[in-house]
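As you go down the protein sequences, you meet chains A and B in turn. Start counting the first sequence at 161; every next residue gets the next number (the numbering used here). Start counting the second sequence at 161; every next residue gets the next number (the numbering used here). Just so it is clear, CB atoms sit at the ideal spot from N, CA and C, and this is done for glycine as well. Nothing here was measured: the structure is a model prediction, and the numbers come from that model. Read the structure below first, then the notes.
2 protein chains.
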Amino acid sequence: MARKDTAAVPVKGSRIMVIGGASLVGSATAEALLARGAAEVTIFDNLSFGGEGNIAHLRGDPRVKVVQGDIVKLHELLRATGGLDGIVHLAAYMTLNFDRDPWGGIDVNIRGVQNVLEACRANRVRKLIFSSSNAVYGYGPGVKGGLVEETPFHAAGAPPAAILYGASKIIGEQLCRDAHRKHGQDYIVLRYSTVYGERQHYRAANALYIVETHDAIRRGERPKVIGDGSETKHFVYVGDLARANCMALESTSTDIAVNTSGPRPVTTLELVTMVAELSGRPDLKPEMVEPDPGKVRLTSGGAFEIVHRAAKEAIGWEPEVEMREGLRRLLAWRDAAAPKPAG
Amino acid sequence: MARKDTAAVPVKGSRIMVIGGASLVGSATAEALLARGAAEVTIFDNLSFGGEGNIAHLRGDPRVKVVQGDIVKLHELLRATGGLDGIVHLAAYMTLNFDRDPWGGIDVNIRGVQNVLEACRANRVRKLIFSSSNAVYGYGPGVKGGLVEETPFHAAGAPPAAILYGASKIIGEQLCRDAHRKHGQDYIVLRYSTVYGERQHYRAANALYIVETHDAIRRGERPKVIGDGSETKHFVYVGDLARANCMALESTSTDIAVNTSGPRPVTTLELVTMVAELSGRPDLKPEMVEPDPGKVRLTSGGAFEIVHRAAKEAIGWEPEVEMREGLRRLLAWRDAAAPKPAG
Numbered sequence: 161m162a163r164k165d166t167a168a169v170p171v172k173g174s175r176i177m178v179i180g181g182a183s184l185v186g187s188a189t190a191e192a193l194l195a196r197g198a199a200e201v202t203i204f205d206n207l208s209f210g211g212e213g214n215i216a217h218l219r220g221d222p223r224v225k226v227v228q229g230d231i232v233k234l235h236e237l238l239r240a241t242g243g244l245d246g247i248v249h250l251a252a253y254m255t256l257n258f259d260r261d262p263w264g265g266i267d268v269n270i271r272g273v274q275n276v277l278e279a280c281r282a283n284r285v286r287k288l289i290f291s292s293s294n295a296v297y298g299y300g301p302g303v304k305g306g307l308v309e310e311t312p313f314h315a316a317g318a319p320p321a322a323i324l325y326g327a328s329k330i331i332g333e334q335l336c337r338d339a340h341r342k343h344g345q346d347y348i349v350l351r352y353s354t355v356y357g358e359r360q361h362y363r364a365a366n367a368l369y370i371v372e373t374h375d376a377i378r379r380g381e382r383p384k385v386i387g388d389g390s391e392t393k394h395f396v397y398v399g400d401l402a403r404a405n406c407m408a409l410e411s412t413s414t415d416i417a418v419n420t421s422g423p424r425p426v427t428t429l430e431l432v433t434m435v436a437e438l439s440g441r442p443d444l445k446p447e448m449v450e451p452d453p454g455k456v457r458l459t460s461g462g463a464f465e466i467v468h469r470a471a472k473e474a475i476g477w478e479p480e481v482e483m484r485e486g487l488r489r490l491l492a493w494r495d496a497a498a499p500k501p502a503g
Numbered sequence: 161m162a163r164k165d166t167a168a169v170p171v172k173g174s175r176i177m178v179i180g181g182a183s184l185v186g187s188a189t190a191e192a193l194l195a196r197g198a199a200e201v202t203i204f205d206n207l208s209f210g211g212e213g214n215i216a217h218l219r220g221d222p223r224v225k226v227v228q229g230d231i232v233k234l235h236e237l238l239r240a241t242g243g244l245d246g247i248v249h250l251a252a253y254m255t256l257n258f259d260r261d262p263w264g265g266i267d268v269n270i271r272g273v274q275n276v277l278e279a280c281r282a283n284r285v286r287k288l289i290f291s292s293s294n295a296v297y298g299y300g301p302g303v304k305g306g307l308v309e310e311t312p313f314h315a316a317g318a319p320p321a322a323i324l325y326g327a328s329k330i331i332g333e334q335l336c337r338d339a340h341r342k343h344g345q346d347y348i349v350l351r352y353s354t355v356y357g358e359r360q361h362y363r364a365a366n367a368l369y370i371v372e373t374h375d376a377i378r379r380g381e382r383p384k385v386i387g388d389g390s391e392t393k394h395f396v397y398v399g400d401l402a403r404a405n406c407m408a409l410e411s412t413s414t415d416i417a418v419n420t421s422g423p424r425p426v427t428t429l430e431l432v433t434m435v436a437e438l439s440g441r442p443d444l445k446p447e448m449v450e451p452d453p454g455k456v457r458l459t460s461g462g463a464f465e466i467v468h469r470a471a472k473e474a475i476g477w478e479p480e481v482e483m484r485e486g487l488r489r490l491l492a493w494r495d496a497a498a499p500k501p502a503g
């Protein structure tokens, strides 16, 4: 149980809710909380994106509670959050969904955060961990070099949906700060870089690229690299984020936003080469193709690294899983879930 | 009447609605539209900030229609926007109101814009002029030099309410872009710098400073300058913005965001000195005081200029009223509205 004189919420013995708990990061976080000895883990999800399949392996644990609910409906949150010690809030629209439905994105990513904070206040939930994104640094040629927590938001020239997503995360973070100032709500914002890992979904353009590359290779096709392959992406393994969520709850830190990215960035060419090797087809050399100007582009188009030094200082977290090992786990999961077609 | 093959909506003969029409900029814009020969000018306002007093002088014109309504209520907008040729959308929460009520700010500045765009789509309103702000460039020491349309959003260290306001305007702009891409909505975003002029209100921290300075001088007190007086502010006269709104409607440009600022920035010391001179008390020399660290600060704390070159290129607009002349008009209005107390 959390004590009131510290921002630390030890996971062991606590009641924690994971909002968006049936997602990629949510299911891994619920697993990590259980492994650390949480007394109860509530998975709150509207099941519109996250699937039942993602949490099937957790259903057997008597400490797991599943609540189908929507953060846009404050009363559903209020009823689900009584007696909790902490919340990990992950539910969000990402860029591709913002493109299809900006109204829904704004409801979930902004009104949803307001509702979560209001539920925390009403039910005295000690600490909130809010998943933000490196999208708060924006897009385009202005985003270069090492992205640190003070990097401004670059928007010039980016597609509306990408800017809407980034700005919605900026607003979510500030609503947390406002709640901290107005009524002492303890919180930590983790700015995720692109997540990948077991139970990978298909809603994030960058992570989707890994899956598409793997699929092409399994079909015996050469994988495609956009441009010359020198574009840098900075992924983070899902298990490292699950651990970051636990450490953020347990940390005495509060009222802070930090980057959580993988050990180091990779170029697109390195990524594709690793996937080909791990798929047992190092002979399938990447094919360079021209970028499609009509497609929503999410990365900088340049080289960038997302610096995670502040996370180490604030909550003691560092990424542990190298890209090659994380990819090996993702592809093994995918091969097991969707076996290679015959022939 | 607007033709369908151009983004230009000539004001003469058109039906235009000004949302937030009972405000400082709204009342001046309604006046300018009438002077240019608009067939009908609807003032749509919830009258929560804007006052009846601001539009009393327009009530006599048979072309003026006043609708008390709220942009948060889509049905009220839908009913008010039938048959319109253009809309100038000004209604917004500013930073001080965001500090008091972030829920309301998000409703008005984000959901409100979504509703206005939906009303434009449903009722085929040809063109929308959306008032944004130089707050989209953010705050703090990162905001320096000439702010142009590509300047990123700096947020590090700024108060939550200020960041929420700036980000809400970024989102409003992108919703316009999204509507343009998805269903061809013509629009122009004008990024206002700090507005001042006749019918000045008390909700904007920077403009309020002019009024407070004038009040102090009328009481025979020395005006206060925060810091050493070298901090730069870039105001714009309300009449110049009213003209910008008309020119944006009439322009063939669409799908663009441009800065609208005054002829040049002034330092705080120049500003206070001008107010003292215009008040007939050049003898009251400014007193330098330490900034209050607890107060919401809205300006950069440094020197900046908001470059309005792109507005000239896109809609042919340039500011005309110098700060001294604009201040003279503001103070004359204020002296008439609130005569100097006896003694």
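In the DSSP annotation of this structure, the continuous segment of the beta strand (DSSP E) that includes threonine 202 (chain B) starts and ends at 200 to 205. In the structure shown, glutamate 465 (chain B) adopts extended strand secondary structure according to DSSP, grouped into three states. Under the DSSP assignment, leucine 409 (chain B) falls in the alpha helix (DSSP H) whose first and last residues are 398 to 410.
Among the residues facing chain A, glutamate 310 (chain B) is included, as its CB has a counterpart in that chain under 8 angstroms away.
At a cut-off of 8 angstroms between C-beta atoms, histidine 314 (chain A) counts as an interface residue with respect to chain B. Not one beta carbon of chain B lies nearer than 8 angstroms to the beta carbon of glycine 380 (chain A).
Comparing C-alpha distances from threonine 420 (chain A) to each of A:Glu410, A:Leu401, A:Ser413, A:Ala436 shows the shortest one belongs to A:Leu401. Between phenylalanine 313 (chain B) and the set A:Tyr362, A:Phe464, A:Ala318, A:Gly298, the nearest pair of CA atoms involves A:Gly298. In the same chain as asparagine 405 (chain B), and ignoring 5 residues on each side of it, the C-beta atoms closer than 6 angstroms to its own belong to Thr189, Val248, Ile289, in chain order. For histidine 374 (chain B), the CB contacts under 7 angstroms within the same chain, skipping 5 residues up- and downstream, are Val435, Ser439, Leu491, Arg494 in chain order. For isoleucine 330 (chain B), the enclosing alpha helix (DSSP H) starts and ends at 320 to 343. Per DSSP, the beta bridge partners of glutamine 228 (chain B) are B:Asp205. Beta-bridge pairing by DSSP links histidine 314 (chain A) to A:Gly298. A residue is called buried once 16 or more other Cβ atoms fall within 10 Å of its Cβ, and histidine 468 (chain B) is buried on that count. Rounded to whole angstroms, the Cβ separation of valine 398 (chain B) and leucine 184 (chain B) is 6 angstroms, and the two are in contact under 8 angstroms. The beta carbon of tyrosine 362 (chain A) sits closer than 6 angstroms to the beta carbons of Leu368 from its chain, once the five residues preceding and following it are set aside; these are given in chain order. Closest by C-alpha distance to threonine 255 (chain A), out of A:Ala318, A:Val432, A:Asp221, is A:Ala318. Between the alpha carbons of leucine 238 (chain B) and proline 262 (chain B) lies a distance of about 25 angstroms. Taking a cut-off of 8 angstroms on C-beta distances, the segment 275 to 282 of chain B does not touch the segment 278 to 294 of chain A, as fewer than three cross pairs fall below it. The segment 381 to 388 of chain B makes no contact with the segment 317 to 336 of chain B: fewer than 3 CB pairs, one atom from each, lie closer than 8 angstroms. Using a CB distance cut-off of 8 angstroms, proline 320 (chain B) counts as an interface residue toward chain A. Under the three-state reduction of DSSP, valine 276 (chain B) is assigned to helix.
Straight-line measurement puts the Cα of tyrosine 352 (chain B) at about 24 angstroms from the Cα of glycine 344 (chain B). For glycine 298 (chain A), the nearest CB of chain B lies under 8 angstroms from its own CB, placing it at the interface with that chain. Listed along chain A, the residues sitting closer than 9 angstroms to arginine 341 (chain B) by beta-carbon distance are Pro319, Pro320.
The beta-carbon of proline 423 (chain A) is placed no less than 8 angstroms from the nearest beta-carbon of chain B. Glycine 265 (chain B) and glutamate 447 (chain A) have their C-alpha atoms roughly 49 angstroms apart. Here DSSP, grouped into helix, strand and coil, assigns histidine 374 (chain A) to helix. At a C-beta separation below 8 angstroms, leucine 324 (chain A) has these neighbours in chain B: Ile331, Gln334, Leu335, Asp338. Collapsing the DSSP output to three states places asparagine 419 (chain A) in a strand. Residue environment: proline 442 (chain B) is assigned as exposed (fewer than 16 neighbouring CB atoms within 10 Å of its CB, all protein chains considered). Proximity of isoleucine 266 (chain B) to chain A, defined by a Cβ-Cβ separation below 8 angstroms, is satisfied. The shortest CA-to-CA distance from threonine 202 (chain B) to any of B:Ser174, B:Phe209, B:Ile475 is the one to B:Ser174. In the DSSP assignment, threonine 354 (chain A) falls within the unbroken beta strand (DSSP E) covering 354 to 356. Take leucine 487 (chain B), set aside five residues on each side of it, and the residues of its chain with a beta-carbon closer than 6 angstroms to its own are Met434, Leu438, in chain order.
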